[in-house]
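Right, one structure below, let's go through it.
Residue numbers (my numbering), protein chains in the order written: chain W, 21 to 441; chain Y, 21 to 441.
Put into structure tokens, the structure is as follows:
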């Protein structure tokens, strides 16, 4: 089933906002068995919107528009839709009351523009927006569905998840689909693909494996589609069980790389492991400059297992706060196995934590040498009984080198906690 | 002059990548006086690409495509363009040699696919890509220009800046334009707009002011367009001078908010001020969890003015490493003026720095109380002679509260260094 996306708004064409909506929609629709056949962005102009609706309807059974539902006079999507569907615009008291209640709840005065936002095409089935003011709209014509959603990402996502996807499923019932995503860190797509060659070849045709890479991480998504035309009542369950079994096999093939599933993040998984073990964590950071601590504390509730960190950018602070010996720095340098080992020992002591990670490296662009090029990073993790150190060379720009050092560092903490180092 | 953007690639429609290219292109083109009339994304499919080229050519004088120039068999843009322009594909030795030299330079073996990437439509004017393998292409037909660029953002940006924009300027010489962007932090768009009402009203019609907001910051961009049909030789210079004068007035109207111009970031500006004064900085962070230190150290060369930080998430570490008195924490709480003041004094001491920033707050989603709701943040900045403290309430989600606290914190450091607090 094909979907065409229509993004409405001058701000998209002017480049004032990065369009994250269509990537989110593309992913969600793919997960539910729909294919985005194309997308188009048009300005806030009546003629452009009408023409684009025609073009989109010619290419897909489902047309989803985002944007142009706001409270200002630039927001003309409501009027354009009314015209396209030959429908009058009418004031909708219920929507007005809901917008009024919404503003009361967030403690803001009801703007005059609420009347405009509650003036809607009569032919629209309204989709209740519980997280904002503009309702979504659903139209049908000639067997095709047109959905209009606000452009604000979290409002669009709310309406898509709560209203649109369930309705689409009902309107166009398809074959059951099942997904399972595993998350890996520490290796690239091509290395993983080599290790999974036999697994991929042995996959039945109705189960596919997709690689979704991001910085230092790769998500592996298995998608199963019910393979027969006949649909037993337990088809959904059987398909899910089958995909789940393949996910188990996949996990067993990559025990060193898989850290979680679905929406897990590395920092959440590390936090969970610490909490389960009743351990308190801290970091001693040089080149990452606090980025490890930032990732850990971006998780709500991290105060239960994170005490704090020492960011020792200067050698003086490595000596003073982490007890690194001046002799070590002089002999081996700040970016060395010896230094990161002493940094861990010092962090355990200074921060009074059970487990500590240390990172020292050359983020760049300056500071590299032939022996230690830009991107060279030493990291160590340890507790009071053992310390493990590793060297990596990330040949990226400064920001990515910092981010990769933090991701590899957290992954090393995870493995240390699992006794897998 | 209108431009139509064509994004080619399945990965965009599947949502596997967020399309940041078109926002960048929209901004750059706007800066040079071009208007993006629309954009369309199509899959890696011959028929879709050909149809989209026709549609785009019907709507603009300039068509820019990105993507589909890679080395795999999915990348069919070269072939589609050859067909569209009725041109043969031919092996181009010079491009092949350049790709070979590029791979030698980055120390990687030359892949077989280099032959494919060097097989190009004969009618194309090639645009040399010095930062990657795929060259850009320039075609003309019926007075319209078609440009094909790789989808990798930094390669696309390089070719656009170095090759495409200068050629467009020559091919379609327009009236001179001049831009000046000022960067502000600490107030929202509507507050700033109120303060600039008189300024905006007095602007001549050929000079416009745009508000470009992001988290905690607003960029103000002045754009001047030469107002007459006659073009004296010094038109460009006169226009730049005029825009510059308005930028001076603007800056004078918002002395407390403007921190820089053009591509300046707050962390760069703070770094520059510290370096000019020969001062060393450090931070004492609770709720920001290292994010201030991360921003500061994301700037290359920050080791010249940044020594390190204490991330004291637990009260124990606030006491032990920052010398905050247990009595203070008990009586006023960790999120209080008293605590952040003691944190600054402690940081100056422990880190041995000249200037320190401290931050303590409730990032959320838990931990709020009626007196101190989620988003309440106390921050203090000081040296050995004075400490200034401020309270803010950011009613956003956890990550945004952390980011806003860091941005407001850095802005406070900036003002402290300028004696403007």
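Beta carbons: idealized from backbone N, C-alpha and C, even for Gly.
- Contact between residue 95 of chain Y and residue 88 of chain Y holds: their C-beta atoms lie close to 5 Å from each other, under 8 Å.
- Annotation note: the region 252-292 of chain Y contains the following uninterrupted beta strand (DSSP E) runs of length 3 or greater, listed N- to C-terminal: 278-281.
- Residues of chain Y with a Cβ closer than 7 Å to the Cβ of residue 36 of chain W are, in chain order, 232.
- Using a Cβ-Cβ distance cut-off of 8 Å, the region 285-300 of chain Y and the region 423-439 of chain Y are in contact, since at least three pairs of beta carbons, one from each stretch, lie closer than that value.
- Counting only Cβ-Cβ distances below 8 Å, residue 56 of chain W has contacts in chain Y at 33, 34 and 35, in chain order.
- Residue 210 of chain Y sits exposed, since fewer than 16 C-beta atoms from the chains shown fall within 10 Å of its C-beta.
- Residue-level contact by beta carbon fails for residue 397 of chain Y and chain W, as no gap is shorter than 9 Å.
- Scanning chain W for C-beta atoms nearer than 9 Å to the C-beta of residue 351 of chain Y yields nothing, as the closest lies near 21 Å away.
- Between residue 278 of chain W and residue 286 of chain W, the C-beta spacing is not below 9 Å.
- Neighbours of residue 326 of chain W in chain Y, taken as residues at a C-beta separation under 7 Å, are given in chain order as 333.
- Rounded to the nearest whole angstrom, the C-alpha separation of residue 230 of chain W and residue 250 of chain Y is 59 Å.
- Under the 9 Å criterion on CB atoms, residue 63 of chain W is classed as interfacial with respect to chain Y.
- For residue 105 of chain Y, the three-state secondary structure derived from DSSP is coil.
- Distances from the CA of residue 27 of chain Y to each of Y:312, Y:58 and Y:327 were compared; the closest alpha carbon is that of Y:58.
- In the structure shown, the three-state DSSP call for residue 173 of chain Y is helix.
- Look at the region 179-208 of chain W: it has no residue with a C-beta under 9 Å from a C-beta of chain Y.
- Counting only runs of at least 3 residues, the region 138-203 of chain W fully encloses the following beta strand (DSSP E) elements, listed from N- to C-terminal order: 139-141, 145-147, 156-161 and 164-169.
- When the Cα atoms are used, residue 50 of chain Y and residue 43 of chain Y turn out to be separated by approximately 11 Å.
- At a C-beta separation below 9 Å, residue 157 of chain W has no neighbours in chain Y, since its nearest C-beta there lies roughly 23 Å away.
- In this model, residue 119 of chain Y and residue 127 of chain Y are separated by some 12 Å (Cα to Cα).
- Taking a cut-off of 8 Å on C-beta distances, the region 323-336 of chain W touches the region 319-337 of chain Y, as three or more cross pairs fall below it.
- Buried is the label assigned to residue 64 of chain W, since at least 16 other Cβ atoms lie within 10 Å of its Cβ.
- The beta-carbon separation of residue 396 of chain Y and residue 382 of chain Y, rounded to 5 Å, stays under the 8 Å limit for a contact.
- Cα atoms of residue 317 of chain W and residue 323 of chain W: separation of roughly 8 Å, rounded to the nearest angstrom.
- For residue 243 of chain Y, same chain residues with a beta-carbon under 6 Å away, outside a window of 5 residues either side, are 199 and 228 in chain order.
- For residue 414 of chain Y, the three-state secondary structure derived from DSSP is coil.
- Under a criterion of Cβ atoms nearer than 9 Å, no residue of chain Y is adjacent to residue 377 of chain W; the nearest Cβ is some 13 Å distant.
- As computed with DSSP, residue 396 of chain W is found in a beta bridge with W:413.
- Against chain Y, the CB of residue 311 of chain W has a partner CB under 9 Å away; the residue lies at that interface.
- In the three-state reduction of the DSSP assignment, residue 47 of chain Y falls in the helix class, which pools H, G and I.
- Taking C-beta atoms as the reference points, residue 185 of chain Y and residue 268 of chain Y fail to come closer than 9 Å.
- Counting only runs that start and end inside the region 30-99 of chain Y, the beta strand (DSSP E) elements of at least 3 residues fall at 55-62 and 82-86.
- Taking a cut-off of 8 Å for Cβ pairs, the region 354-368 of chain Y and the region 354-372 of chain W do not touch, as fewer than three such pairs fall below it.
- Neighbours of residue 337 of chain W in chain Y, taken as residues whose beta carbon is under 7 Å from its own, are 327, 328 and 371 in chain order.
- Taking a C-beta distance under 9 Å as the contact criterion, residue 62 of chain W and residue 77 of chain W do not qualify as a contact pair.
- In summary, residue 218 of chain W is exposed, with fewer than 16 beta-carbon neighbours lying within 10 Å of its beta-carbon over all protein chains present.
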